[in-house]
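Take a look at the structure below.
Chains as they are written, first to last, in the working numbering: chain A, 2 to 127; chain B, 15 to 190.
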């Protein structure tokens, strides 16, 4: 598994897709649901949005994402960095920010490679 | 030896900073300078979580939501982990009630206190926050707070022997 993180609109998906020919990938956008045809690698874009939906629904994002990674060990997960700001006034926003950070730490620990993308440029940090 | 550890919320900066402190403190007593004001169940729960994470690592906790200069004698010659600069800055700026202090004054006071602390402590680790990259243009008071913390971070980074940014639990060396 590979984890790609970075700020909003930094070219993370493009960075991932330039890595290989387009048709080798299936991109899921903000969801973990969807079939992955044989021989294709799965990219999950906007993972942070999926985490947010999970928390809204009272589901357990940690459990679900770890199970997903186990089923798709070759996947690429892309998430916005959302922790670098002022503490939100709203309690749900605070919870979302903290949980997303913790999930990214967990995933970074499991990943073979972690890349941080800024201005479309990837820095391999693991 | 002074290390500045920066990171966002939930980045793993606290765990990393504690490990830094343990690595550089040697035989010195380790003090944990806690700057968060405990005023509701959420902040108390957060402090409790941090306290549990530090348990058994030999830290003595001092609650110091502002005026770090008041602990200089107590920690003289020992190792200090200050967590965190973003709370200290908020408390110095807004803590007295009434109008917030001007950001320049707040930054100046804190930097002077930190210079004194760095002079007296045998080892110092400071945790600070990245509150600059959420792309939101806040109203004037919050922007002043961001300016204060930005200016403090800049000057602490110049003072520090090592500056580390923690991203998704991964330490990235910025300086040193």
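Glycine included, every Cβ here is placed at the ideal spot set by N, Cα and C. Predicted model, so just to flag it, every value in this text is computed and none were measured.
Residue-level contact check: residue 24(B) touches chain A, since one or more beta carbons of chain A fall below 8 angstroms from its beta carbon. Among the residues of chain A, those whose CB is under 8 angstroms from the CB of residue 156(B) are 87, following chain order. For residue 137(B) against residue 39(B), the beta-carbon gap comes to about 5 angstroms, under 8 angstroms, which counts as contact. Ranked by Cα distance from residue 131(B), the options 162(B), 173(B), 50(B) and 160(B) are led by 173(B).
By the Cβ test, the segment 104–122 of chain B is not in contact with the segment 64–77 of chain B, since fewer than three Cβ pairs between them sit closer than 8 angstroms. Apart from sequence neighbours up to five positions away, the residues of its chain that approach residue 164(B) with a beta-carbon distance below 8 angstroms are 146, ordered along the chain. Of the residues 25(A), 60(A), 103(A) and 122(A), the one whose Cα lies closest to the Cα of residue 43(A) is 25(A). Judged by pairs of C-beta atoms under 8 angstroms, the segment 82–102 of chain A touches the segment 36–52 of chain A, as three or more such pairs exist. Beta bridge pairing from DSSP links residue 81(A) with 7(A).
What residue 82(A) touches in chain B, judged by beta-carbon distance under 8 angstroms, is 22, 147 and 181, going in chain order.
Contact annotation for residue 6(A) against chain B: 181 and 182 [CB-CB distance below 8 angstroms, chain order]. Short of 7 angstroms from the beta carbon of residue 155(B), and not among the five residues preceding or following it, lie these beta carbons of its own chain, in chain order: 114. Excluding residues up to 5 positions away in sequence, 33 lie with their Cβ nearer than 6 angstroms to the Cβ of residue 69(A) in the same chain.
Per DSSP, the beta-bridge partners of residue 42(A) are 26(A).
Burial is judged here by how many other beta carbons sit within 10 angstroms of a residue's own beta carbon; residue 57(B) has fewer than 16 and is exposed. Per DSSP, reduced to three states, the secondary structure at residue 126(A) is coil, with no helix or strand assignment. When the five nearest sequence neighbours on each side are left out, the beta carbons in the same chain lying within less than 7 angstroms of the beta carbon of residue 166(B) are those of 99, 103, 121, 124 and 125, in order along the chain. Around residue 113(A), the same chain offers 2 and 3 as residues with beta carbons nearer than 7 angstroms, after the five sequence neighbours per side are excluded.
Judged by DSSP secondary structure, residue 184(B) falls outside any alpha helix (DSSP H) and instead within the beta strand (DSSP E) spanning 184–189.
Just measuring C-alpha positions, the residue of 15(B), 80(B), 143(B) and 61(B) sitting nearest residue 37(B) is 15(B). Contact between residue 82(A) and residue 6(A) is confirmed by a C-beta separation of about 5 angstroms, below the 8 angstroms threshold. Look at residue 44(B) here: in three-state DSSP terms it is strand. At least one beta carbon of chain B lies nearer than 8 angstroms to the beta carbon of residue 115(A). The C-beta separation of residue 44(B) from residue 35(B) comes to about 6 angstroms, placing the pair in contact by the 8 angstroms criterion.
Residue-level contact by beta carbon fails for residue 3(A) and chain B, as no gap is shorter than 8 angstroms. The contact set of residue 144(B) on chain A, defined by CB atoms closer than 7 angstroms, consists of 85 in chain order. Taking a Cβ-Cβ threshold of 7 angstroms, the residues of chain B close to residue 103(A) are 24, in chain order. Here residue 55(B) is exposed, its C-beta having fewer than 16 other C-beta atoms within 10 Å. The beta-carbon separation of residue 188(B) and residue 181(B), rounded to 11 angstroms, does not stay under the 8 angstroms limit for a contact.
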